[in-house]
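Position one of the sequence shown corresponds to residue 50 (our numbering), numbered consecutively onward.
Here's the structure, in structure tokens; my notes come after.
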Amino acid sequence: MTASVPEFPADFLWGVSASAFQIEGSPTADGRGPSAWDAFTREPGRIRDGSHADVATDHYRRYREDVALMAGLGVGAYRFSVSWSRVLPDGHGQVNGKGLDFYDRLVDELCACGIRPVPTLFHWDTPLALEEKGGWLSRDTAERFAAYASVVAQRLADRVPMWITINEPAEVTLLGYGLGEHAPGKRLVFDALPAAHHQLLAHGLGVQALRAAGAREIGIAASHSPVWTAGDGEGDRAAAELYDTLTNRLFADPILTGAYPDEGLASLLPGPVAEDLKTISAPLDWYGINYYNPMLVGAPQPTAPAGEFGGIEIPADLPFAIRPIEGCEHTDFGWPVVPDGLRELLVSLRERYGDRLPPLYITENGCSYGDGPDPATGRIADARRIAYHEGHVVALRRAMAQGVDVRGYFIWSILDNFEWAEGYRQRFGLVHVDYDTLERTPKESYAWYRDLIKGGR
Numbered sequence: 050m051t052a053s054v055p056e057f058p059a060d061f062l063w064g065v066s067a068s069a070f071q072i073e074g075s076p077t078a079d080g081r082g083p084s085a086w087d088a089f090t091r092e093p094g095r096i097r098d099g100s101h102a103d104v105a106t107d108h109y110r111r112y113r114e115d116v117a118l119m120a121g122l123g124v125g126a127y128r129f130s131v132s133w134s135r136v137l138p139d140g141h142g143q144v145n146g147k148g149l150d151f152y153d154r155l156v157d158e159l160c161a162c163g164i165r166p167v168p169t170l171f172h173w174d175t176p177l178a179l180e181e182k183g184g185w186l187s188r189d190t191a192e193r194f195a196a197y198a199s200v201v202a203q204r205l206a207d208r209v210p211m212w213i214t215i216n217e218p219a220e221v222t223l224l225g226y227g228l229g230e231h232a233p234g235k236r237l238v239f240d241a242l243p244a245a246h247h248q249l250l251a252h253g254l255g256v257q258a259l260r261a262a263g264a265r266e267i268g269i270a271a272s273h274s275p276v277w278t279a280g281d282g283e284g285d286r287a288a289a290e291l292y293d294t295l296t297n298r299l300f301a302d303p304i305l306t307g308a309y310p311d312e313g314l315a316s317l318l319p320g321p322v323a324e325d326l327k328t329i330s331a332p333l334d335w336y337g338i339n340y341y342n343p344m345l346v347g348a349p350q351p352t353a354p355a356g357e358f359g360g361i362e363i364p365a366d367l368p369f370a371i372r373p374i375e376g377c378e379h380t381d382f383g384w385p386v387v388p389d390g391l392r393e394l395l396v397s398l399r400e401r402y403g404d405r406l407p408p409l410y411i412t413e414n415g416c417s418y419g420d421g422p423d424p425a426t427g428r429i430a431d432a433r434r435i436a437y438h439e440g441h442v443v444a445l446r447r448a449m450a451q452g453v454d455v456r457g458y459f460i461w462s463i464l465d466n467f468e469w470a471e472g473y474r475q476r477f478g479l480v481h482v483d484y485d486t487l488e489r490t491p492k493e494s495y496a497w498y499r500d501l502i503k504g505g506r
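Given below as structure tokens:
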């Protein structure tokens, strides 16, 4: 281990992450159907650099090369996602065998290298055919998701020891349906709440389907942030509490406690809520945390213009305002770097949920820095990324020392990739990708993580 990073348990799981739409490319190869994100990238002005993900990092054709990079790291697990429309081009109905075959080959390649496959069944890329019928505003999409989960598990469960149903339902709800910054681009504000409920229902139905197909070790990857109050006033406290409810508790409470955090909020959701909650709260084997930074929230200021956070425009007429966090480093995405926020978050979750909180995995943690190859040496000295991860790993270990049961840590991400509405402007990878040649070049952070893993075993 490096001198500044404390020791971890011998069985602690070190991993890396990626998602299908961001790296695979090949959007029509072997019968894949279009997703809502394919359509979204074609709408003028949606992607900040005007790009699309038709090639991305060409992982669909280069997956063996990418798995070899993971093997060189010595990671114990790779968290990837399955493209729903590659398996079921219309989101339901006829199974595309060639699409399933790709994930079969990927899983075999990972297993041959001693890397645990950890598939995520939904990472934002809703099949376009389902989106056009209402997407996550429709209850039917939850039912379709369960059938899809069954198809994938029947093929892969014999070799996959760990499963994720859905990634970040809060972001899909807020950014995709609430603010329109992500696919499908709807600006429904609070009328987006049915998308939250239907994703949670899909998670619960998906857990049932996975277990029926023989899958084990099932969890979800949920985004969480500590919410800091921007001032001492009652309005600031109320705004921060509302933001915490909408972004943290709206998703964790139903899964972990079987109830929504507020009866008034529950009354706005499509029914039958009480019956659905029994499905949503099926016991999990573990719970995944995606952590990037805290959020500083205060009362809205009626005369203030719309704000922005990490490239996302925040309307001025919401009942809360996102304030900048000063006095710390910021990534190239503009996100504040607060490693101890991870410790704070984990301890607060344990205090809030107690024995109802399953073992935890950090399923995403990462940072965007644009460091590229040195023109003379080709070396990519991304010291800021190393410092970021080192700080967060130390904070994680401190949370574990305070009694939080954390079993693993996944860096986002293994490769630079298509970063949603930012296009290719933000680079999160341990491995640099030249988007003209698709050449992969490990950064110095790759070597740091390799040495960390090696020292922890």
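All C-beta atoms, glycine included, are put in the ideal place defined by N, C-alpha and C.
Per-residue burial, residue i [other beta carbons within 10 Å of its own, 16 or more giving buried]
i: arginine 392; result: buried
i: threonine 77; result: exposed
i: phenylalanine 239; result: exposed
i: arginine 113; result: exposed
i: arginine 128; result: buried
i: proline 138; result: buried
i: aspartate 431; result: buried
i: alanine 315; result: buried
i: glutamine 350; result: exposed
i: alanine 323; result: exposed
i: glycine 457; result: buried
i: arginine 265; result: exposed
i: glycine 74; result: buried
The beta strand (DSSP E) enclosing residue i, as first and last residue numbers
i: leucine 409; result: 409-413
i: serine 130; result: 126-130
i: glycine 268; result: 267-272
For residue i: DSSP bridge partner residues
i: leucine 464; result: Val480
i: glycine 284; result: None; glycine 284 has no bridge partner.
i: proline 218; result: According to DSSP, proline 218 bridges with nothing at all.
i: isoleucine 371; result: Val346
i: arginine 489; result: Val482
Residue i vs residue j beta-carbon contact at 8 Å
i: arginine 84; j: leucine 177; result: The question names arginine, but residue 84 is serine in the sequence shown. Yes; because the gap between Cβ atoms is below 8 Å, this pair is in contact.
i: alanine 173; j: valine 104; result: It is worth fixing the name first, because residue 173 is tryptophan in this sequence and not alanine. It is not a contact, given that the beta carbons lie outside the stated cut-off.
i: leucine 205; j: glycine 125; result: no
i: valine 201; j: valine 131; result: yes
i: proline 474; j: valine 482; result: It should be pointed out that residue 474 corresponds to arginine in this sequence rather than to proline. Cβ atoms of arginine 474 and valine 482: not closer than 8 Å.
i: glycine 472; j: aspartate 98; result: yes
i: glycine 337; j: tyrosine 410; result: yes
i: isoleucine 463; j: alanine 67; result: yes
Continuous alpha helix (DSSP H) stretch holding residue i: start and end
i: glycine 121; result: 108-122
i: tryptophan 384; result: Element bounds for tryptophan 384: n/a, residue is neither H nor E.
i: tryptophan 497; result: 493-504
i: tryptophan 86; result: 85-90
i: proline 168; result: Element bounds for proline 168: not the alpha helix (DSSP H) but the beta strand (DSSP E), 165-171.
i: serine 68; result: Per DSSP, serine 68 belongs to no alpha helix (DSSP H) and is neither H nor E.
Among the options, nearest to residue i - alpha-carbon criterion
i: histidine 231; options: Arg95, Gly313, Ser330 and Tyr410; result: Arg95
i: alanine 88; options: Thr412, His101, Cys162 and Gly80; result: His101
i: proline 343; options: Ala365, Leu333 and Ala289; result: Ala289
i: aspartate 465; options: Asp60, Ile72, Gly64 and Pro55; result: Ile72
i: proline 530; options: Thr90, Phe194, Lys492 and Gly383; result: One cannot answer for residue 530 here, as it falls past the ends of the chain, which runs 50 to 506.
i: leucine 170; options: Pro310, Ile460 and Tyr197; result: Tyr197
i: alanine 262; options: Leu326, Gly478, Tyr495 and Asp207; result: Asp207
i: threonine 294; options: Ser272, Asp281, Gly282 and Ser494; result: Ser272
i: serine 199; options: Gly163, Leu250, Lys147 and Arg260; result: Arg260
i: histidine 438; options: Gly452, Ile460 and Arg447; result: Ile460
Proximity test, Cβ basis, 8 Å: residue i and chain B
i: histidine 441; result: Checking the listed chains, one finds no chain B in this structure; it contains a single protein chain.
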